[in-house]
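Asks:
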Amino acid sequence: MTVIPVKELSAAKSRLRGAVPGQRHPELVLAMVRDTATAVLSATTVAELIVVTDDPVVAEAVREVGAKVAPDPGAGLNAALRFGADEVAGLSTHRAVLTGDLPALRPADLDAALRAATGRAFVPDAAGTGTVLLAVPPRVPLDPRFGPGSAAAHRASGASPLTGDWLGLRQDVDTAADLETVLGLGAGVRTRSLLRDLGLSQACTSAACAG
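Now the structure itself:
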């Protein structure tokens, strides 16, 4: 079982504001969420995806790609993750939580990371300081520590770091420079289409970005 939390679009990804015109910012966030959800649901190790959100636009969009939706309990990111993983999915199953800003995620990379997670484990982001994925086996509480310095916090809490050549999995998007990076890695079709529409896709030069 996999869980992704998504804030209301008007409040999501505040550090990314200015990368695209202000009125298109919610569209960018939604495009990245949809690309992430599509990749997650294409992974062979994922039986189900739960998106924790109170945004009706997000809820409709992720249901269209096959995800289920749970309400946000309203106490912050880690509370949303605990609710989705430990209460909605339930402690009886393997669970993994991911960030919703992984538009270059490849299903095979997610499969490899989840297969490597034999206990409570996490995948650091590309910078090595944040976390893009936290996985737990049955009967183990999620105990998420997302936020600034989350990689160190997860390691200190006993979670094992997972390492692999998973560039799309590790590359979340917080800044305009991160957008250029995911374009180079091969962003998903919705993110790529939106940035092309805005005239911002010049950085997309790899074969994976064609189309």
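Residues in the sequence shown are numbered consecutively from 603, following this note's numbering. Every residue, glycine too, gets a C-beta built ideally from N, C-alpha and C. From a predicted model like this one, the values you see are computed outputs, not experimental measurements.
#1: Do you know whose CA, among ALA677, GLY678 and ASP656, lies nearest LYS670's CA?
#2: Would you mind reading off the limits of the alpha helix (DSSP H) that contains ASP710?
#3: Among MET603, VAL605 and GLN625, which residue has its Cα nearest to the Cα of LEU611?
#4: Going by the beta-carbon positions, is the gap between THR646 and LEU707 smaller than 8 Å?
#5: Return the residue from the list ALA677, PRO658, VAL699 and ALA633 that minimises the CA-CA distance to GLU650.
#6: CA-CA distance, GLN773 and THR720?
#7: Give the straight-line distance between the Cα atoms of VAL654 and LEU736, rounded to the nearest whole angstrom.
#8: In the DSSP assignment, find the alpha helix (DSSP H) that holds PRO726 and state where it starts and stops.
#9: For the alpha helix (DSSP H) containing VAL631, name the first residue and the last one.
#10: Rounded to a whole number of angstroms, what is the C-alpha to C-alpha distance between ALA710 and VAL725?
#11: Does any residue of chain B bring its CB to less than 8 Å from the CB of HIS756?
#12: From which residue to which residue does the beta strand (DSSP E) around GLY605 run?
#13: State the beta-bridge partners of LEU700 as determined by DSSP.
#14: Can the beta-carbon of ALA778 be found closer than 8 Å to that of PRO705?
#15: Using the three-state DSSP reduction, which class does SER616 fall into: helix, strand or coil?
Replies: So, from the listed chains and residues:
#1: For the residues ALA677, GLY678 and ASP656, the minimum Cα distance to LYS670 belongs to ASP656.
#2: Here the sequence assigns Ala to residue 710, which means Asp is not the residue at that position. Looking at the DSSP string, the run of the alpha helix (DSSP H) that includes ALA710 is 709-718.
#3: Ranking MET603, VAL605 and GLN625 by Cα distance to LEU611 puts GLN625 first.
#4: no
#5: VAL699
#6: 23 Å
#7: 16 Å
#8: Looking at the DSSP string, PRO726 is not in any alpha helix (DSSP H); the run it does join, the beta strand (DSSP E), is 723-726.
#9: Looking at the DSSP string, the run of the alpha helix (DSSP H) that includes VAL631 is 627-644.
#10: 15 Å
#11: Going by chain labels, chain B is absent from the structure shown, which holds only one protein chain.
#12: A quick correction: the sequence has Val, not Gly, at residue 605. Start and end: 604-607.
#13: LEU735
#14: No, Cβ-Cβ distance for ALA778 and PRO705 is not below 8 Å.
#15: helix
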